[in-house]
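The sequence shown runs contiguously to residue 459 in our numbering.
The C-beta atom is built at its ideal place from N, Cα and C for all residues, glycine as well.
Below: the structure, in structure tokens.
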Amino acid sequence: MAAPKVTAVAEASPAARAGLMAGDELLSLNGRRPRDILEYHALVDGEALDLRVRRSGAGAGTSGELEVRVAKAAGEPLGIAVESAVFDRVRTCDNHCAFCFIHQLPKGMRRSLYLKDDDYRLSFLYGNFTTLTRFTELDAERVLTERLGPLFVSIHATDPEVRARMLRNPKGATSLRWLGVLLDGGIEVHGQVVVCPGVNDGEVLGDTLLTVLDRYPQLATLGVVPLGLSRYSHEEEMREHTQTEAAAVCDTVAEWQETYRRVLGRRLVYAADEYYLLAGYDFPPAEDYDGFPQHENGIGMARAFEAAFGGDDRSAHGVRPGFFAWVDGAPASGYRAPRRRTPVPGTTDSTDSTGTTGTAPRRTAVLTGSYGAKVLEPLLAPFDHVRVVTVEHDFFGGNIGVAGLLTGHDLVRALAGEPDDERYLLPDACLSEGRFLDGTTLEDLPRAVEVVAADGRSLRLAIEDRT
-7 MAAPKVTAVA EASPAARAGL MAGDELLSLN GRRPRDILEY HALVDGEALD LRVRRSGAGA
53 GTSGELEVRV AKAAGEPLGI AVESAVFDRV RTCDNHCAFC FIHQLPKGMR RSLYLKDDDY
113 RLSFLYGNFT TLTRFTELDA ERVLTERLGP LFVSIHATDP EVRARMLRNP KGATSLRWLG
173 VLLDGGIEVH GQVVVCPGVN DGEVLGDTLL TVLDRYPQLA TLGVVPLGLS RYSHEEEMRE
233 HTQTEAAAVC DTVAEWQETY RRVLGRRLVY AADEYYLLAG YDFPPAEDYD GFPQHENGIG
293 MARAFEAAFG GDDRSAHGVR PGFFAWVDGA PASGYRAPRR RTPVPGTTDS TDSTGTTGTA
353 PRRTAVLTGS YGAKVLEPLL APFDHVRVVT VEHDFFGGNI GVAGLLTGHD LVRALAGEPD
413 DERYLLPDAC LSEGRFLDGT TLEDLPRAVE VVAADGRSLR LAIEDRT
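If you want it as structure tokens, here you go:
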């Protein structure tokens, strides 16, 4: 089991006073080696912390194993950051879903992107969806005892045979029993159904929503989202939704929302924004999303963005930086921790612009994916100096259209023929630690771009910037 490795030490903190350094490995804390960041925080929360540290490397001074005593008040932060959330081993997924996006990645990308987890700890820390097929009684005991919620569970179908077939794992037929255990134990759980046309839509989707009402009424929310299909998929059964199928999903969700409201007093189920775009439907009103509980799953994102763009800060939700947000650049403490925004040379952070100078606004182009363009174009139409540049997802292809999956490859192609005397704004959702998913950086682009936080308020401030 790997030891927590220190990546940073805050000045004047208890850790700094005790002499801890970046690069130190914490072999034990009060005689114990934590399995993950959750145990780590429990151990460092007390006072008089005794550490066994392994130190190595040039400039580290004393090398080898050291005993370090840290004097601190109970509850006082230790003052260090560690490099990962799991110190033993990430619990990898033993399902073989035909719609799994990780199976649809091209070869040659950075290794971390191919790690496919099914770890309840990453569900709690980062909002990853778990199928519970590797969940155990010991896991259930820990979740219930430590109140590790909310958790996020991939349901897909409640029919045991359909679910096992979709996961290509016989344990898929029985693993939802753990969902009942968690809900009965008072754990907040949010569910997800990835709809694959001809597999778990239609009557199967209706049966799933009925079973949720019957067996899992304590479920906090249920998101219904379409499968993502890249050009690298080799699954013949998987295909894109037709407009008619997308409309049917929207209609089914609307019908069940009314049923849930009548029986449970809340909507519970929500359809992804992509479905409304595919169906040619208007998005539901912002209030119909009940506070946007599945915003980061692409549900209600358009309405929240629109509201924040218009000045409603209550809807100014941020966006996790990309599909693989937990892999690279993620804080070890999870999505609840402040996320460090990495400055990128050659870019400008426009999110704090006041736009109060008297100069005329510069011509500005907003770069986004095909789905984002449909949302942004009506919002930006009143601004004469702003236009939208739709960037096609050539790298992944298929039905991929979200801005968070844009790559440097796509942007190079889109910017090649664009004028060089305009500002170009790019949402930070497609970058992690300054890199796109294909490994390229902003310096690889043929035009300078400004990275803007992917929320409506930040974009409004950026386009009104007159500096």
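Cβ shell of R460 (< 8 Å), same chain only, five flanking positions each side left out: Nothing in the structure corresponds to residue 460, since the chain is present only between -7 and 459.
Distance, A7 Cα to Q210 Cα: Distance between the alpha carbons of Q210 and A7: 43 Å.
Identity of the residue in T213, I392, G409, P277 nearest S225 by Cα: Considering only alpha carbons, the answer is I392.
In chain order, each beta strand (DSSP E) run of at least 3 residues that lies wholly inside the segment 117 to 178: With a minimum length of 3 residues, the unbroken runs of beta strand (DSSP E) contained wholly in the segment 117 to 178 fall at 143 to 146.
Helix, strand or coil at D243 according to DSSP, with G and I counted as helix: Of the three classes helix, strand and coil, the one that applies to D243 here is helix, per DSSP.
Validate contact between the segment 96 to 108 and the segment 143 to 156 using beta carbons, cut 8 Å, 3 pairs: These segments do not touch.
Cα-Cα separation between P26 and V187, rounded to whole angstroms: The straight-line gap from Cα to Cα measures roughly 38 Å.
C-alpha gap between G56 and D28, whole angstroms: G56 and D28: Cα-Cα distance of roughly 23 Å.
Close beta carbons around A264, own chain, < 8 Å, minus the five adjacent residues each side: For A264, where only same-chain residues beyond five positions count, the Cβ hits under 8 Å are G215, V216, V217, P218, N289, G290, I291.
Test item: CB-CB of A300 and D193 under 7 Å: No Cβ-Cβ contact shorter than 7 Å links A300 with D193.
Where E3 falls, given that 16 or more other Cβ within 10 Å makes a residue buried: Exposed: under 16 other Cβ atoms inside 10 Å.
Buried versus exposed, by CB contacts within 10 Å (16 or more), L107: With fewer than 16 other CB atoms across the displayed protein chains lying within 10 angstroms of its CB, L107 is exposed.
Limits of the unbroken alpha helix (DSSP H) element including H401: Counted as a single uninterrupted DSSP element, the alpha helix (DSSP H) harbouring H401 occupies residues 400 to 407.
Coil, strand or helix - S424 by DSSP: Three-state DSSP puts S424 in a strand.
Beta carbon of L180 nearer than 7 Å to that of A212: It should be noted that the sequence gives Glu, not Leu, for residue 180. The answer is yes: Cβ separation under 7 Å.
Residues near F127 by beta carbon distance below 7 Å, same chain, minus five either side: Setting aside the 5 residues that flank it on each side, F127 is surrounded in the same chain by Y112, S167, W170, each with a C-beta closer than 7 Å to its C-beta; the list follows chain order.
Coarse secondary structure for A73, derived from DSSP in three states: DSSP, read as helix, strand or coil, puts A73 in strand.
Endpoints, the beta strand (DSSP E) within which D110 is located: Neither: D110 is in no beta strand (DSSP E) and is coded neither H nor E.
Within 7 Å, strictly: CB atoms of C85 and L159: Contact flag unset, no.
Cutoff 6 Å; reference V62; Cβ partners in own chain excluding five residues on either side: Excluding the 5 residues flanking it on each side, V62 has same chain C-beta neighbours closer than 6 Å at P6, A10, L41, in chain order.
Counterpart residues of L41 in DSSP-defined beta bridges: DSSP output for L41 lists V62 as bridge partner(s).
Beta-carbon proximity list for A(-5), same chain, < 6 Å, skipping 5 on both sides: Leaving aside the five residues that flank A(-5) on each side, the residues in its chain whose CB is nearer than 6 Å to its CB run, in chain order, E17, L18, L19.
Entirely enclosed beta strand (DSSP E) segments - the segment 0 to 45, minimum 3 residues: Residue ranges of uninterrupted beta strand (DSSP E) with 3 or more members, entirely inside the segment 0 to 45 and ordered along the chain, are 17 to 21.
C-alpha distance - D402 paired with E384, whole-angstrom precision: Each residue's alpha carbon lies about 7 Å from the other.
Assigned exposure category for E228 - 16 Cβ within 10 Å defines buried: Exposed, by the Cβ-count rule.
P337 versus I94: straight-line alpha-carbon distance, rounded: Only weak support is given to the placement of P337: the predicted model assigns it a pLDDT of 41, under 50, and the value that follows is read from those uncertain coordinates. Taken atom to atom, the span from the alpha-carbon of P337 to that of I94 is near 30 Å.
In DSSP terms, what Q184 is bridged to: By DSSP's assignment, Q184 forms a beta bridge with S146, G215.
C-alpha gap between R355 and V380, whole angstroms: Rounded to whole angstroms, R355 to V380 spans 11 Å at the Cα level.
Separation of D413 from G347, as counted between CA atoms: Unreliable positioning characterises G347 in this predicted model, as indicated by a pLDDT of 43, which lies under 50. A coordinate reading is not provided.
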